[in-house]
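Contents: one structure, followed by commentary.
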Amino acid sequence: MHVLIAGGGIGGLVLAQMLAARGVAATVLEAAREVRPLGVGINLLPHAVRELMALGLLPALDEAGIRTRELRYLNHLGQTLWAEPRGAWAGHDAPQFSIHRGQLHALLWRAAAARLGERLRSAASVVGFSEDADGVEVTLGDGSRMRGDALIGADGIHSTVRAALHPADGGVRWQGIQMWRGAVSWPTLWDGQTMCIAGDTRAKLVLYPIGAGAKPSERLLNWVVYARQADAGPAPPGRQDWSREAPRGVVTPQVAHFRLPFIDPAALITASAMASEYPMCDRDPLPWWTRGRVTLLGDAAHPMYPVGSNGASQAILDARCLADALAAEPVVPALAAYEAERLPKTAAIVASNRVGGPERVIDFVAERAPQGFTDIDQVASHEELAAIVGGYATLAGFAVPRT
Ligand SMILES: Cc1cc2nc3c(=O)[nH]c(=O)nc-3n(C[C@H](O)[C@H](O)[C@H](O)COP(=O)(O)OP(=O)(O)OC[C@H]3O[C@@H](n4cnc5c(N)ncnc54)[C@H](O)[C@@H]3O)c2cc1C
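What the sequence shown shows, in our numbering, is residues 974 to 1376, in sequence order.
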């Protein structure tokens, strides 16, 4: 069997390595000419890290990223409304990682290159495909063609494969929330392994360290600010390009009302070399992903709001499911089994992320106590908060295992 994978992003590169580990040949066709360290921070949840550990990638992850130890939800005054251990500290058999997306991509690319050799191709944009009884033929941007037994569209939120399967797809959806992001070397906060999400119904500030800083006393601190800028609509502003620069003067007013005792958000944003903007967007879940020998994976199949740390993790879980299926069965039933397992689960996460995912806990408290609180128990019970945060973990498949 020879599997063609359109897209050498996080999902495509992991799938190729998993297939190679199971003795299935795969070729990755990546449109970009070179691998550049694009993006800012990204989180990998324990159930996805477990899959990367099985590929022997734990040392590389430890070298590039930070094992996330704790997650805190705070209001805009810095008062803690919920804190929980993460990864191995929460009882999982694998850590959670906070990591620079460009470094994660680079380490996955190196690992895939070691396994695939010339079957990992850059400057290979998939522009079309056709299917017959024996296989799939892919057309590349330079006009060349390649045959395989299956085609996996792992080509991201603007997927060409998805567009061909679903020409009437409604396109990228925007709920009116703009996101700005950056990273800068900053004095270490707390234990240097803690992630926090602070805010209220107006704006959220996400902070997590993703690597070593310029000095031993600092860490490379990833920040994200997001706030509603418009009513929900089908058309987000501009193309969803993770590298588009935003004027700093637009970002700092969003968090001007924050009074956090441990950081001045405006100073953090101003100190960053670059702030990029990315609208919080997704697509409506599809009724099906698979037609015969062709299917979708990761953002091509189920782009979701980047809340709850799930985008990359769900792509990796897709890859595991698909690799197992392809190693066990002929192509057509394997792809159907993969879709039956993964489509409903990921569609539920897309829907939950649209209403805030676990970060909804911040709005829940802010609506009851917009000016802050002296005792969180008088604002919301532990059970109410646990239902929001723990309910999401169960939905996304990373609830702490019960012993
Ligand atoms: C440049 C970039 C930067 C990002 N930065 C962040 C970030 O900072 N934080 C975050 O949370 N998420 C970020 N993401 C999104 C995140 O990587 C994904 O949500 C998640 O990892 C799911 O991975 P994926 O493999 O499905 O998609 P992606 O990681 O988006 O990978 C899709 C790949 O397909 C390639 N491709 C597209 N069209 C074609 C085609 N026609 N033929 C061949 N190849 C094609 C793209 O070049 C890309 O490499 C970024 C994505 C990209 C592409």
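Even glycine gets a Cβ: it sits at the ideal position worked out from N, Cα and C.
Predicted model only: the values in this text are computed from it and were never measured.
Just the Cα atoms here: how many angstroms apart are residue i and residue j?
i, j, result
"Leu1233", "Gln1151", "22 Å"
"Ser1132", "Ala1342", "43 Å"
"His975", "Leu1194", "42 Å"
"Arg914", "Ala1123", "The structure shown does not extend to residue 914, since the chain is modelled only from 974 through 1376, so no value can be given for it."
"Gly1222", "Val1228", "11 Å"
"Pro1159", "Tyr1311", "The question names Pro, yet the displayed sequence has Trp at residue 1159. In a straight line, the C-alpha of Trp1159 is about 43 Å away from that of Tyr1311."
"Phe1070", "Asp1105", "42 Å"
"Leu1299", "Glu1043", "37 Å"
"Pro1252", "Arg1327", "13 Å"
"Met1168", "Tyr1181", "4 Å"
"His1065", "Pro1019", "7 Å"
"Leu992", "Arg1217", "34 Å"
"Ile1349", "Leu1030", "40 Å"
"Gly1060", "Thr1041", "7 Å"
"Arg1088", "Gly1172", "44 Å"
"Gly1421", "Arg1201", "Examination of residue 1421 is not possible in this model, given that the chain is present from 974 through 1376 alone."
Just curious, the beta strand (DSSP E) that residue i is in, first and last residue?
i, result
"Ala1359", "From DSSP, Ala1359 is part of no beta strand (DSSP E) but of the alpha helix (DSSP H) over His1355 to Leu1368."
"Lys1177", "Ala1176 to Ala1185"
"Tyr1199", "Glu1191 to Arg1201"
"Leu1269", "Val1267 to Leu1269"
"Leu1002", "Ala998 to Leu1002"
Going by alpha carbons, who is nearest to residue i out of the options?
i, options, result
"Ala1309", "Ile978, Val976, Trp1261 and Val1013", "Trp1261"
"Trp1082", "Gly1108, Val1008, Val1362 and Pro1058", "Val1008"
"Asp1291", "Ile1125, Glu1110, Gln1069 and Ala1176", "Ile1125"
"Met1247", "Trp1163, Gly1064, Gly1211 and Pro1220", "Pro1220"
"Ser1286", "Leu988, Ile978 and Leu977", "Leu988"
"Gly1114", "Ser1098, Gly1121 and Ala1185", "Ser1098"
"Pro1032", "Leu1018, Leu1077 and Ala993", "Leu1077"
"Pro1165", "Tyr1365, Gly1051, Gly1172 and Ser1190", "For the record, residue 1165 in the displayed sequence is Gly; it is not Pro. Checked all of Tyr1365, Gly1051, Gly1172 and Ser1190; the closest Cα to Gly1165 is Ser1190."
"Trp1163", "Asp1204, Ile1289 and Phe1235", "Phe1235"
"Val1316", "Val1134, Asp1107, Ala1288 and Lys1177", "Per the sequence shown, residue 1316 should be read as Leu rather than Val. Checked all of Val1134, Asp1107, Ala1288 and Lys1177; the closest Cα to Leu1316 is Ala1288."
"Gly1184", "Ile1072, Pro1140 and Ala1273", "Ile1072"
"Gly1345", "Trp1147, His1230 and His1355", "His1230"
"Gly1090", "Ala1200, Leu986 and Asp1297", "Leu986"
"Tyr1199", "Arg1293, Pro1238, Asp1142 and Ile983", "Pro1238"
"Gly1129", "Gly1186, Phe1102, Trp1215 and Trp1147", "Trp1215"
"Ala1176", "Ser1245, Thr1112 and Val1197", "Val1197"
"Thr1161", "Ala1021, Gly1186, Glu1110 and Asp1142", "Gly1186"
"Ala1021", "Gln990, Gln1052, Leu977 and Ala1067", "Ala1067"
"Leu1241", "Pro1140, Arg1293, Glu1356 and Val1179", "Val1179"
For residue i, I'd like the list of residues in its chain whose CB is within less than 7 Å of its CB, leaving aside the five on either flank, ordered along the chain.
i, result
"Val1379", "No information on residue 1379 is available, as it lies outside the stretch 974 to 1376 that the chain covers here."
"Asp1336", "Thr1174 and Gly1329"
"Val1264", "Val is not the amino acid found at residue 1264; the sequence shown has Arg there. Cβ within range, chain order: Leu1138."
"Pro1210", "Pro1252"
"Ala1359", "none"
Which stretch, first to last residue, makes up the alpha helix (DSSP H) that contains residue i?
i, result
"Phe1346", "From DSSP, Phe1346 is part of no alpha helix (DSSP H); its letter is neither H nor E."
"Tyr1311", "Val1304 to Arg1327"
"Phe1337", "Arg1333 to Arg1341"
"Trp1082", "Arg1074 to Leu1089"
"Ala1248", "From DSSP, Ala1248 is part of no alpha helix (DSSP H); its letter is neither H nor E."
Just to confirm my understanding: we take residue i, look at its own chain, exclude 5 residues before and 5 after, and list those with CB closer than 6 Å. What are they?
i, result
"Ala1096", "Arg1006"
"His1275", "Thr1319 and Val1323"
"Val1013", "Arg1154, Ala1156 and Asn1195"
"Gly981", "Val1001 and Glu1003"
"Leu1093", "Val1001, Ala1085 and Ala1086"
To which residues of the same chain is residue i closer than 8 Å at the C-beta, ignoring the five residues directly before and after it?
i, result
"Val1362", "Tyr1046, Trp1055, Glu1057, Pro1331 and Val1334"
"Thr1243", "Arg1221 and Thr1225"
"Lys1188", "Ser1158"
Kindly examine ligand 3 and report whether one of its heavy atoms sits closer than 7 Å to the Cβ of residue i.
i, result
"Leu1002", "Judged by which ligands are present, ligand 3 is missing from the structure shown, whose ligands are ligand 1."
Given 8 Å, three or more beta-carbon pairs between the segment 1032-1047 and the segment 1300-1314: As far as the Cβ criterion goes, the segment 1032-1047 does not touch the segment 1300-1314, which means the pair count is below three.
At least 3 beta-carbon pairs within less than 8 Å: the segment 1264-1271 vs the segment 993-1000: Per the Cβ contact rule, the segment 1264-1271 is not in contact with the segment 993-1000 (fewer than 3 Cβ pairs under 8 Å).
Any 3 or more C-beta pairs closer than 8 Å across the segment 1313-1329 and the segment 1253-1260: Judged by pairs of C-beta atoms under 8 Å, the segment 1313-1329 touches the segment 1253-1260, as three or more such pairs exist.
At least three beta-carbon pairs within less than 8 Å, the segment 1354-1372 to the segment 1277-1295: With three or more CB-CB distances shorter than 8 Å, the segment 1354-1372 counts as touching the segment 1277-1295.
Stretch pair the segment 1007-1027 + the segment 1071-1081: three plus CB contacts closer than 8 Å: The segment 1007-1027 is in contact with the segment 1071-1081.
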